[in-house]
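Q: Would you mind keeping the following structure in view while I ask a few things?
Residue numbers (the numbering used here): 246 to 573.
Written out as structure tokens, the structure reads:
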């Protein structure tokens, strides 16, 4: 009797001190419906957790494939790329440690765009903010994903016309591997993750389109997700984000004193309107976020300003160094 060969879908989560939502996330993945003929492979790489994450992961036994590395070995791009090489799935699904599938059809909904055309190379899904997230972060997540497409639609993104190759939106590189899916053969072949410290997902989307593949958004591939940043952590997130975007997608901008001084006002007004209409916050929570939102937005503007200034100075030093090497 011939041995049946199985097809796999691989899910990968990088973990570092992720105990808060880790069990919720893994349980939802293990409860997923799968397409006929496919089996689930769940891979997790822990990079030195000290908060009980390892104990949680080990409690699942052989239901997960656990790999541990030192924290200094972790890289957003390289670690995800190594996971693709370790996996045996036809498709790679990526989640962050604090993103939990919202229902048991998350995998099926994330894979559906691939069955439209083999030219679809990568897919990202919808994120819904957790009810008690910081107002600035909650509004940001809700507004970004609320404006990408109807809740029951599939949206195909391309940088060039499929008919005559004329550029349509060459800078359309938004992508988030908080909740994403990619054809694994591309990741281990012609379109690998770049070995970058940040914005590896945006770089991947750019590279996919550069190689002629399409990017898709599926609002039905839903996860609960919103980072629980302090104001200081939010500043650091924005700094890293904008440095990474400049390195990975060549985002061009200059630091503006005006945006640093006044750039927090408009988003704070938006926060206040969001808080006023939000039905999930208690009255006490609303008062808390009315008070804290200006500081989150000031932190965001300062992070963006410092990132552009840092990158501009770094680029200038590199240019001087190259000119010096040529002269010598």
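Think of the CB as a built atom: it goes at the ideal place given N, C-alpha and C, for glycine as much as any other residue.
1) In this structure, how does DSSP classify residue 326 when only helix, strand and coil are distinguished?
2) In whole angstroms, what separates the C-alpha of residue 507 from that of residue 540?
3) What does a CB cutoff of less than 7 Å around residue 513 pick up in its chain, not counting 5 residues either side in sequence?
4) Which of helix, strand or coil does DSSP assign to residue 265?
5) Rounded to whole angstroms, what's the CA-CA distance from residue 442 to residue 489? Just pull it up for me.
6) Could you check which residue in 381, 331, 293 has the C-alpha nearest to that of residue 523?
7) With a 10 Å radius around its C-beta and 16 neighbouring C-beta atoms as the bar for buried, classify residue 321 as buried or exposed.
8) Give the straight-line distance between the Cα atoms of residue 535 and residue 257, rounded to the nearest whole angstrom.
9) Taking the beta carbon of residue 386 as the centre, do at least 16 other beta carbons fall within 10 Å, making it buried, or is it exposed?
10) Sort out for me which residues DSSP pairs residue 285 with in a bridge.
11) When the Cα atoms are used, what is the spatial distance from residue 295 to residue 409?
12) Would you call residue 275 buried or exposed, if buried means 16 or more other Cβ atoms sit within 10 Å of its Cβ?
13) From the DSSP output, in three-state form, read off residue 372 for me.
14) Between which two residues does the alpha helix (DSSP H) harbouring residue 354 extend?
15) Check whether the Cβ atoms of residue 352 and residue 277 sit closer than 8 Å, and answer yes or no.
16) On the criterion of 16 or more Cβ atoms from any shown chain inside 10 Å, does residue 411 qualify as buried, or is it exposed?
17) Thinking residue 479 and residue 544 are a contact (beta carbons under 8 Å), I'd like their distance in whole angstroms, please.
18) Tell whether a beta-carbon distance below 8 Å holds between residue 470 and residue 388.
19) In terms of residue numbering, what span does the alpha helix (DSSP H) encompassing residue 522 cover?
20) For residue 501, which option in 434, 428, 551 has the closest C-alpha, if you only look at C-alpha atoms?
21) Quick one: what does DSSP say residue 467 is sitting in, helix, strand or coil?
22) If we require 4 or more residues per run, which alpha helix (DSSP H) segments fall completely within the stretch 404-475?
23) Below 8 Å between beta carbons: does that hold for residue 519 and residue 460?
24) Per DSSP, what kind of secondary structure is residue 319 in: helix, strand or coil?
25) Can you give me the C-alpha to C-alpha distance between residue 265 and residue 271, rounded to a whole angstrom?
26) In this structure, what does DSSP give as the bridge partners for residue 337?
27) So for residue 392, helix, strand or coil by DSSP?
28) By a C-beta neighbour count over all protein chains shown, 10 Å radius and 16 as the cutoff for buried, is residue 376 buried or exposed?
29) Going straight from the alpha carbon of residue 436 to that of residue 401, what length do you get?
A: Taking the structure as given:
1) helix
2) 13 Å
3) 538, 539, 542
4) Residue state, collapsed to three classes: helix.
5) 7 Å
6) 381
7) buried
8) 37 Å
9) buried
10) 254
11) 54 Å
12) Residue 275 is exposed by the Cβ-count criterion.
13) strand
14) 351-356
15) yes
16) Answer is exposed; the Cβ neighbour count stays below 16.
17) 5 Å
18) No.
19) 510-522
20) 551
21) strand
22) 429-432, 445-455
23) no
24) Residue 319: coil per DSSP, three-state reduction.
25) 12 Å
26) 255, 427, per the DSSP bridge assignment.
27) Judged by DSSP in its simplified three-state form, residue 392 adopts coil rather than helix or strand.
28) Under this definition residue 376 is an exposed residue.
29) 19 Å
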